[in-house]
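Engineer: If you read the sequences in order, they're chains A and V. The first sequence begins at 76 in the numbering used here and counts up by one. The second sequence begins at 62 in the numbering used here and counts up by one. Here a beta-carbon is modelled for each residue, glycine too, at the ideal position from N, C-alpha and C. A quick note: this is a predicted structure, and the numbers were derived from the prediction, not measured. Below you'll find the structure I mean.
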Amino acid sequence: MNYFQLFGIEVTFDVDLNQLSQTYQTLQKAVHPDRFAHASSQDQLLAVQKSAEINDAYQTLKQPLKRAEYILTLRGVDLPNEQQSFGDTAFLMQQMELREMLDEVKFADDVDAALNHVQQVFRQEYQQLFDLMRDNIVENNTAANVLACDNLRKLKFYQKLNIEVERLEDSLFDD
Amino acid sequence: MAYSEKVIDHYENPRNVGSMDKNDPSVATGMVGAPACGDVMKLQLKISDDGIIEDAKFKTYGCGSAIASSSLVTEWVKGKSIEEAGEIKNTAIAEELALPPVKIHCSILAEDAIKAAIEDYKSKNG
């Protein structure tokens, strides 16, 4: 049973997060340890395992990038190893420039405005790539799936950038 | 996680940080990235007419191990021929810096950066 089946929904990229959260709670209630307090130790163990599986499924389906990766895996798409180096020079050059831009924020005359600007640029570029990846996944053919993988890898660089933005925000507000 | 002394040394005193003109035909630029951690590494080599690496610069956005790996590589490649530099293996980098298994990919990134730079040089001067 795949994670989508576990949650009783079709394999699709656009999921209803409210519904997902409700199903999650219903599923978890059914395997709650309290309900198995008097069950055999084997049944207790099975309930714990099921609970862990429901949790994994929820964490995967809830987050768009993890969900995308999971859908591509279900389709049998050969995802490049995450540890494998990524060699799209133009994209990486741009990533380097975005990181340099983020570095400059703390030296700006108006730090708030500079930070806002950077966040806006990041958000815009993330959204563009995200929409592309979504279209690729919906299209669902061999070529589109390969493109989806490529865009997914690029989105992970933006995910990392956003963590850096948050870190910078924290350090600026600490002062 | 504890970093080895060598990693900390390279991290605190990185060698050869900087940039060269990527349009200069004698400058080879290697750009690589690791999606898992979002590291971005740029390695640039200045190569003489007889194929010797005269200078090396790097710029890396990433964890301490990624910075140390690229810093170490810039030291190692200087004075080497491009063929010799192309033979540098990630295992040697990982061993020198005593990288833990979860950071091996940083050394792979540095090896791939050398390869990417050499490829760039060959495509420029092919």
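1) Kindly indicate which three-state DSSP category V/Lys83 falls into: helix, strand or coil?
2) Got a sec, what are the start and stop residues for the beta strand (DSSP E) V/Gln105 sits in?
3) Tell me, please, whether the stretch 140-149 of chain V touches the stretch 74-84 of chain V by the rule of three or more beta-carbon pairs shorter than 8 Å.
4) Looking only at DSSP bridge pairs, what is V/Asn92 linked to?
5) Counting only beta-carbon separations shorter than 8 Å, does A/Leu120 have a partner in chain V?
6) Identify the contact partners of A/Gln138 in chain V, using a Cβ-Cβ distance below 9 Å as the criterion.
7) Within the continuous alpha helix (DSSP H) that includes A/Phe79, where are the two ends?
8) Exposed or buried, which one is V/Asp59 when buried takes at least 16 other CB atoms within 10 Å?
9) Please find out if some non-hydrogen atom of the ligand GDP comes closer than 7 Å to the beta-carbon of V/Asp100.
10) Would DSSP call V/Ala2 helix, strand or coil?
11) List the endpoints of the continuous alpha helix (DSSP H) containing A/Thr148.
12) Roughly how many angstroms lie between the CA atoms of A/Asp185 and A/Ser246, to the nearest whole one?
13) Taking A/Val240 and A/Leu177 to be in contact with their CB atoms under 8 Å, please state how far apart those CB atoms are, rounded to whole angstroms.
14) Using 8 Å as the threshold, is the stretch 146-157 of chain V in touch with the stretch 171-182 of chain V, meaning 3 or more CB pairs across them?
15) Could one say the Cβ of A/Met176 lies closer than 8 Å to chain V's Cβ atoms, at least one of them?
16) What are the residues in the stretch 172-200 of chain A lying within 8 Å of chain V by C-beta distance?
17) Looking only at its chain, what residues have a beta carbon closer than 6 Å to the beta carbon of V/Tyr122, apart from the 5 residues adjacent to it on each side?
18) Could you give the distance in angstroms between the alpha-carbon of A/Gly162 and the alpha-carbon of V/Ile69?
19) Take the Cβ of V/Lys164 as the centre, count every other Cβ of all protein chains shown within 10 Å, and call the residue buried at 16 or more, exposed below.
20) Flag this pair as yes or no: are the beta carbons of V/Ser168 and V/His71 separated by less than 8 Å?
21) Output the distance between the C-alpha atoms of A/Leu160 and A/Asn215, rounded to the nearest integer angstrom.
22) Which bits of chain A does V/Met92 rub up against, with CB to CB less than 8 Å?
23) Using DSSP's beta-bridge definition, name the partner residues of V/Lys120.
24) Using a threshold of 8 Å, state whether the C-beta atoms of A/Val90 and A/Arg142 are closer than that.
25) Hey, quick one: how far does the alpha helix (DSSP H) through V/His166 stretch, first residue to last?
Structural biologist: On the basis of the coordinates in this document:
1) The answer is coil: DSSP assigns V/Lys83 none of H, G, I, E or B.
2) From DSSP, the beta strand (DSSP E) with V/Gln105 extends over 100-108.
3) Verdict: no, contact absent.
4) Per the sequence shown, residue 92 of chain V should be read as Met rather than Asn. Note: V/Met92 sits in a beta bridge opposite V/Lys103.
5) No, its Cβ sits nowhere closer than 8 Å to a Cβ of chain V.
6) Residues of chain V passing the Cβ test: none, with the nearest at roughly 15 Å.
7) Per DSSP, A/Phe79 is one residue of the alpha helix (DSSP H) stretching across 78-81.
8) This structure gives no information on residue 59 of chain V, because the portion of chain V shown stretches from 62 to 187.
9) This structure simply doesn't include the ligand GDP, nor any ligand for that matter.
10) Outside the displayed range of chain V (62 to 187) lies residue 2 of chain V, so it cannot be described from this structure.
11) That run of the alpha helix (DSSP H) goes 139-149.
12) Distance between the alpha carbons of A/Asp185 and A/Ser246 is about 16 Å.
13) A/Leu177 and A/Val240 do touch by the CB rule: their CB atoms are close to 7 Å apart, below 8 Å.
14) Contact holds between the stretch 146-157 of chain V and the stretch 171-182 of chain V, because three or more Cβ pairs, one in each stretch, are under 8 Å apart.
15) Closer than 8 Å: no.
16) The residues in question are Arg174.
17) The residues are Val101.
18) Each residue's alpha carbon lies about 27 Å from the other.
19) Buried.
20) No, these two residues do not count as a Cβ contact at 8 Å.
21) One detail in the question is off: residue 160 of chain A reads as Ser in this sequence, not Leu. Approximately 25 Å between the Cα atoms of the pair.
22) Here the neighbours are Gly162, Thr164, Leu167, Met168, Met171.
23) Paired residue(s): V/Lys103.
24) Yes, the Cβ-Cβ distance between A/Val90 and A/Arg142 is below 8 Å.
25) Its alpha helix (DSSP H) spans residues 165-186.
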